[in-house]
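Everything below concerns the one structure shown next.
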Amino acid sequence: MAESADKVGQVEQVEQPSEPLQPEQAYTHTQLQQHTQQPPKPRRNLRKTKEEDSGGIDKFELPKSTVTKLAKEGVPDGAKFQKDTLLAIQKSSSVFINWLASSAQEKAHDKKNKTINAENVFAAVKEMELGGELDELLNDELAAYREIQSTGRKKDNEQEEQDVQDTNEFDPSVIEE
Numbered sequence: 001m002a003e004s005a006d007k008v009g010q011v012e013q014v015e016q017p018s019e020p021l022q023p024e025q026a027y028t029h030t031q032l033q034q035h036t037q038q039p040p041k042p043r044r045n046l047r048k049t050k051e052e053d054s055g056g057i058d059k060f061e062l063p064k065s066t067v068t069k070l071a072k073e074g075v076p077d078g079a080k081f082q083k084d085t086l087l088a089i090q091k092s093s094s095v096f097i098n099w100l101a102s103s104a105q106e107k108a109h110d111k112k113n114k115t116i117n118a119e120n121v122f123a124a125v126k127e128m129e130l131g132g133e134l135d136e137l138l139n140d141e142l143a144a145y146r147e148i149q150s151t152g153r154k155k156d157n158e159q160e161e162q163d164v165q166d167t168n169e170f171d172p173s174v175i176e177e
């Protein structure tokens, strides 16, 4: 009895058959089980690596057509780019923009902001020691952008006021019966 109690906690190891089963022979239950069990399939890692999840840097590349257009605006008319040159400009500009955005996001996070604003971008440019000409250019572009936004709002407000005046000047005799 003690011997059977010891066997209860143990797992019986069975030899794997070396030969396939023959149809005309009699087999034990254990031998049949060994032949019918499929070997365990190797488990695939269902989690993707970080690089596969994010898609790598290629996911964050700037559109090639936009980069090409901007690059051509910066050179004299008739100048041509080699294919590799445009690719290098696209890759390097994507890396730079992502670096700047990451640095600006850190500045926003330090101030407990969830959104990056112009102040964060200027602080990131200063931290990267890219100030000077770039800082002036960014200030000019920001001022121009804000001017466009304010004139657009003024035009929208004027249009809404005009629409309200037009509805107040409604002539009921115009309606046909």
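Read in order, the letters of the sequence shown correspond to residues 1 to 177 in full-length UniProt numbering. Idealized CB from N, CA, C, for every residue including glycine. None of these values were measured; they are calculated from a predicted model.
Open item on the list: With a threshold of 8 Å between beta carbons, is lysine 107 in contact with chain B?
Closed with: Chain labels in this structure do not include chain B; a single protein chain is all it has.
TODO: Measure the C-alpha to C-alpha separation of asparagine 120 and alanine 108 and round it to an integer number of angstroms.
DONE: Taking the Cα positions, asparagine 120 is about 6 Å away from alanine 108.
Open item on the list: Using C-beta distances below 6 Å, list every residue in its chain close to isoleucine 116, excluding the 5 sequence neighbours before and after it, in chain order.
Closed with: Ala104, Gln105 and Ala108
TODO: Within its chain, find whatever has a CB closer than 7 Å to the CB of isoleucine 97; leave out the 5 residues flanking it on each side and keep chain order.
DONE: Leu62
Task: alanine 144 - DSSP class collapsed to helix/strand/coil - done: Taken through DSSP and simplified to helix, strand or coil, alanine 144 comes out as helix.
Task: Whole-angstrom distance between glutamate 141 and alanine 101, CA atom to CA atom - done: 17 Å
Open item on the list: With the cut-off set at 8 Å, would you say phenylalanine 122 and aspartate 110 are in Cβ contact?
Closed with: no
Open item on the list: Considering only their Cβ atoms, is the gap separating valine 67 from serine 93 smaller than 8 Å?
Closed with: yes
Task: The alpha helix (DSSP H) enclosing leucine 62, as first and last residue numbers - done: From DSSP, leucine 62 is part of no alpha helix (DSSP H); its letter is neither H nor E.
Task: Rounded distance between the beta-carbons of lysine 64 and glutamine 82, thought under 8 Å - done: In fact, because the Cβ distance is near 14 Å, the residues do not count as touching under 8 Å.
Open item on the list: Just checking alanine 118 against the ligand MN - is the residue's beta carbon closer than 7 Å to any of the ligand's heavy atoms?
Closed with: Ligands in the displayed structure: none, and consequently the ligand MN is not present.
TODO: Assign asparagine 139 to one of three DSSP states: helix, strand, or coil.
DONE: helix
Task: Cut-off 7 Å between Cβ atoms - residues of its own chain near phenylalanine 60, not counting five sequence neighbours on either side - done: Ser94 and Asn98
Task: Enclosing alpha helix (DSSP H) for leucine 87 [first to last residue] - done: 83-110
Task: glycine 74 versus lysine 80 - alpha carbon distance - done: 12 Å
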